[in-house]
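**Student:**
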Amino acid sequence: MAIDRRRFLGMGLTMGAVAAAPRSAMGWMVGQAAAATGDRAAQMRAGAASAPIKTTKLYDNVYLLQGAGGNMAVQTGSEGKVLIDSSFSTAVPHLKEALDALGKDPADALINTHWHIDHTDGNEGMHAAGFRICAHSMTRERLSKPALMKLFNMALPASPVGALPAITFDDTMHAWHNGDSLDLVHFDPAHTDTDIYIHFHNADVLHLGDTWFNGFYPFIDEGSGGTIGGMIAADEKALAVAGAQTKIIPGHGPLGTKAELQAFRDMLSTVRDRVATLKKAGASEAEVVAKKPTADLDAVWGKGSFAADMFVGIAYRTV
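Under the numbering used here, the first residue of the sequence shown is numbered 11, with each subsequent residue one higher.
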């Protein structure tokens, strides 16, 4: 559905048919995930309170923002700033400073790539600063209710009303803004069941949220409908959109290229196939993990926040 800028950014109705912090930006995922020690959300927010935000220019009016949460982006212009993701609530002052440094254009829209706290916890603060929040309909649904992320033993309360997307869509949304056209497109369940990508056509910038962790094994939220097969399908969909020169923003990790995204997709496919073969032969999860099916991949992909064994376990449970 194609809609003009005013309707995209001003109507509260549901639309049907929108490099520098690879590991530190994933502080909420780091550490001993099985050990329930303290309030994880508070720990994340504490880390974000002092983390600076790095700004990288990608196009005349499109910038990558990297701080303590997931990678963000912003488009500037006289029609208003469009922000992608909002990091942690405690990062909001730093985020406002970074946005102010890019000019006096007014706040307009905040787009969430998915529901996770490191991408949406700043929603309320940015909404108070004038941004109207847009996301997939499932993002609003998940933020509206208490959630439990079992892998991290982390319970999250329902988000306040000011943090909820006021504009939602189910499949695709298209808008024209600040001299560019934007596609917002939902993936089938991949990292979660709330994932979307945002493509700025003229700028040729593609934000993939957490369907891509550039350079290391990803987290797949099985409790939110994520599967390794869904991640592969999402990356294949993104590869069909990206060109050789497209600047691709992952949810975590450095700004990337189509070739790097292809390598990530191929790694996922290799792990999926190996784990599926062992599982089909009757091996238990513990037995598959013990067989080290990623041993030849770990030197390249095992340098992130997730140990190979944890990733193999997720693959086993979602294959």
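Note that beta-carbon positions come from the ideal geometry of N, C-alpha and C, so glycine has one too.
What did DSSP end up calling aspartate 231 once you bin it into helix, strand or coil?
**Tutor:** In this structure, aspartate 231 counts as coil in the three-state DSSP scheme.
**Student:** Using CA coordinates, which residue listed in Leu153, Trp186 and Met54 is at the minimum distance from asparagine 212?
**Tutor:** Residue Trp186 is the option with its Cα nearest to asparagine 212.
**Student:** So is asparagine 81 buried or exposed if we call it buried at 16+ other beta carbons inside 10 Å?
**Tutor:** Counting Cβ neighbours within 10 Å, asparagine 81 comes out buried, since at least 16 surround it.
**Student:** Report the rounded CA-to-CA distance for serine 96 versus alanine 78, giving the unit in angstroms.
**Tutor:** Distance between the alpha carbons of serine 96 and alanine 78 is about 10 Å.
**Student:** Apart from the five residues just before and just after threonine 100, which ones in its own chain have a Cβ nearer than 6 Å to its Cβ?
**Tutor:** Hits under 6 Å: Arg55, Ala58 and Ala59.
**Student:** Spatial neighbours of alanine 31 within its chain, please: CB distance less than 6 Å, with the 5 preceding and 5 following residues excluded, ordered by chain position.
**Tutor:** Low confidence applies here, because alanine 31 scores a pLDDT of 36, under 50, leaving its location unreliable and the question unanswered by this model.
**Student:** With burial defined as no fewer than 16 other Cβ atoms inside 10 Å of the residue's Cβ, what is the status of glycine 261: buried or exposed?
**Tutor:** The residue is buried, with at least 16 neighbouring Cβ atoms inside 10 Å.
**Student:** Identify the residues that DSSP records as bridge partners of glutamine 255: which are they?
**Tutor:** According to DSSP, which records beta bridges pairwise, glutamine 255 is partnered with nothing at all.
**Student:** Between the C-alpha atoms of phenylalanine 210 and alanine 300, what's the straight-line distance to the nearest angstrom?
**Tutor:** Using only the alpha carbons, I get a separation of about 44 Å.
**Student:** Please name the residue or residues paired with isoleucine 63 in a DSSP beta bridge.
**Tutor:** Answer by DSSP bridge pairing: none, since isoleucine 63 is not bridged.
**Student:** Over what stretch of residues does the beta strand (DSSP E) that includes isoleucine 186 continue unbroken?
**Tutor:** Here the sequence assigns tryptophan to residue 186, which means isoleucine is not the residue at that position. Counting along the chain, the beta strand (DSSP E) containing tryptophan 186 begins and ends at 182-187.
**Student:** Let me make sure I understand the geometry here. Which of Ala165, Asp190 and Thr149 has the alpha-carbon closest to that of serine 88?
**Tutor:** Of the candidates Ala165, Asp190 and Thr149, the one whose C-alpha sits nearest the C-alpha of serine 88 is Asp190.
**Student:** Run the CB neighbour count on serine 167, radius 10 Å, all protein chains shown included, and call it buried at 16 or more, exposed below.
**Tutor:** It is worth fixing the name first, because residue 167 is proline in this sequence and not serine. Answer is exposed; the Cβ neighbour count stays below 16.
**Student:** Here's the rule I'm using: 16 or more other beta-carbon atoms within 10 Å means buried, otherwise exposed. How should serine 6 be labelled?
**Tutor:** Coverage of the chain is limited to positions 11 through 329, which leaves residue 6 absent and any answer about it impossible.
**Student:** Quick check on serine 294: buried or exposed, where buried means 16 or more other Cβ atoms within 10 Å of its Cβ?
**Tutor:** Its Cβ having fewer than 16 others within 10 Å, serine 294 is exposed.
**Student:** Whole angstroms are fine: how far does the CA of phenylalanine 179 sit from the CA of glycine 41?
**Tutor:** Per-residue confidence for glycine 41 stands at a pLDDT of 35, beneath the threshold of 50, marking its modelled position as unreliable; the derived number appears in the next sentence. Cα to Cα, glycine 41 sits roughly 35 Å from phenylalanine 179.
**Student:** Using three-state DSSP, classify histidine 196 as helix, strand or coil.
**Tutor:** Strand, per DSSP.
**Student:** In or out: leucine 218 buried (at least 16 other Cβ within 10 Å) or exposed?
**Tutor:** Buried, because 16 or more other Cβ atoms sit within 10 Å of the Cβ of leucine 218.
**Student:** Going by Cα to Cα distance, which pick from His184, Met148 and Ala254 is closest to glutamate 270?
**Tutor:** Closest by alpha carbon: Ala254.
**Student:** Would you check if there are 3 or more beta carbon pairs closer than 8 Å linking the stretch 193-207 to the stretch 155-175?
**Tutor:** Output reads no: the stretch 155-175 does not touch the stretch 193-207.
**Student:** Going by other Cβ atoms of all chains shown within 10 Å of its Cβ, with 16 needed for buried, is aspartate 118 buried or exposed?
**Tutor:** Burial call: buried.
**Student:** With a threshold of 16 other CB atoms inside 10 Å of the CB of threonine 256, please say whether the residue is buried or exposed.
**Tutor:** Buried, because 16 or more other Cβ atoms sit within 10 Å of the Cβ of threonine 256.
**Student:** Verify whether the separation of the beta carbon atoms of asparagine 133 and leucine 112 is less than 9 Å.
**Tutor:** No, the pair does not count as a contact, with Cβ atoms beyond the cut-off.
**Student:** Taking its Cβ as the centre, do 16 or more other Cβ atoms sit within 10 Å of leucine 288, making it buried, or is it exposed?
**Tutor:** Buried, by the Cβ-count rule.
**Student:** Measuring CB to CB, does valine 281 end up less than 9 Å from valine 322?
**Tutor:** Yes.
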